[in-house]
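At the far end of the sequence shown sits residue 202, using the UniProt record's numbering, and the numbering has no gaps. Built from N, CA and C at the ideal position, the CB exists for glycine as well. Note that the structure is predicted; figures quoted are calculated from it, not measured. Here is the structure we will look at, set down as structure tokens.
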Amino acid sequence: MNVLSLLAHPRPTSFCHAVSERARTALAAQGHELTHHDLYADGFEPRLAADEAWSIGDSVEQTLARAADPLLQRYRQDVAAADCLLVVHPNWWGKPPAILCGWIDRVLVPGVAYRLERADGRPQGLLRARHALIFNTSDTPEEREQAEFGDPLELIWGRCVLPFCGVGQYQRVVFRPVVDSSPDQRAQWLDCVDATVRRLGP
1 MNVLSLLAHP RPTSFCHAVS ERARTALAAQ GHELTHHDLY ADGFEPRLAA
51 DEAWSIGDSV EQTLARAADP LLQRYRQDVA AADCLLVVHP NWWGKPPAIL
101 CGWIDRVLVP GVAYRLERAD GRPQGLLRAR HALIFNTSDT PEEREQAEFG
151 DPLELIWGRC VLPFCGVGQY QRVVFRPVVD SSPDQRAQWL DCVDATVRRL
201 GP
């Protein structure tokens, strides 16, 4: 299975980086093919340009041909070819980091991730990926997250982004609070990453 891995954290020593590395190692050990994008290390430009801001697209080939930025074109090609998505990012202000929001805006576009015939219609998901693994880090305790904020990341990934693109199954795991976690706790969380990836199967 071809897995597209996305990592969105600016600090190489972050726990997000450790989670991503552990997940990729486990996936490779199961025989999956991996394509990895570290958005910060790649220098991805997250700002949507005026000529990219449209809602109704054409075929994948036509959409890719319009991407003048070689990195953007490669990102779009890779997500179109993926059988599974692996996404690792922190919870910042109840949303992904801006660079990952920009990836959603610029990569998951009509003709690549979905087709929309009319602005008020239901989208047709175009991604071949039918499964996604989402790993998040957070410093907000789960009880407060649910009571005060309603877990906005769950709404973003589970209600808005993935179903819109045709990804019908996903698993989201949150490690929290990270800020004062012990080395032993982090080791347990990384073991949880291994277990979650193993359930994906070969």
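Pairwise C-alpha distance: residue j and residue i
i, j, result
"residue 189", "residue 47", "33 Å"
"residue 40", "residue 92", "16 Å"
"residue 1", "residue 172", "19 Å"
"residue 139", "residue 200", "27 Å"
"residue 90", "residue 184", "20 Å"
"residue 179", "residue 20", "18 Å"
"residue 24", "residue 42", "18 Å"
"residue 152", "residue 51", "29 Å"
"residue 109", "residue 165", "9 Å"
Bridge-paired residues (DSSP) for residue i
i, result
"residue 90", "137"
"residue 203", "Here the chain has residues from 1 to 202 only, and residue 203 is not among them."
"residue 170", "132"
"residue 33", "2"
"residue 38", "7"
"residue 84", "3 and 131"
"residue 175", "137"
Cβ distance (whole Å) where residue i is taken to contact residue j below 8 Å
i, j, result
"residue 134", "residue 87", "5 Å"
"residue 33", "residue 3", "7 Å"
"residue 31", "residue 177", "Not really, about 35 Å apart at Cβ, beyond 8 Å."
"residue 197", "residue 136", "No, residue 197 and residue 136 are not in contact; Cβ-Cβ is about 15 Å, not under 8 Å."
"residue 68", "residue 129", "Not a contact, Cβ separation roughly 25 Å."
"residue 112", "residue 100", "Not a contact, Cβ separation roughly 16 Å."
"residue 203", "residue 72", "The requested residue 203 does not occur in the structure, where the chain is confined to residues 1 to 202."
Exposure of residue i, with buried meaning 16 or more beta-carbon neighbours within 10 Å
i, result
"residue 182", "exposed"
"residue 117", "exposed"
"residue 147", "exposed"
"residue 96", "buried"
"residue 142", "exposed"
"residue 159", "exposed"
"residue 122", "exposed"
Neighbourhood of residue i by C-beta, 6 Å cutoff - its chain only, sequence neighbours within 5 removed
i, result
"residue 131", "84 and 169"
"residue 37", "6"
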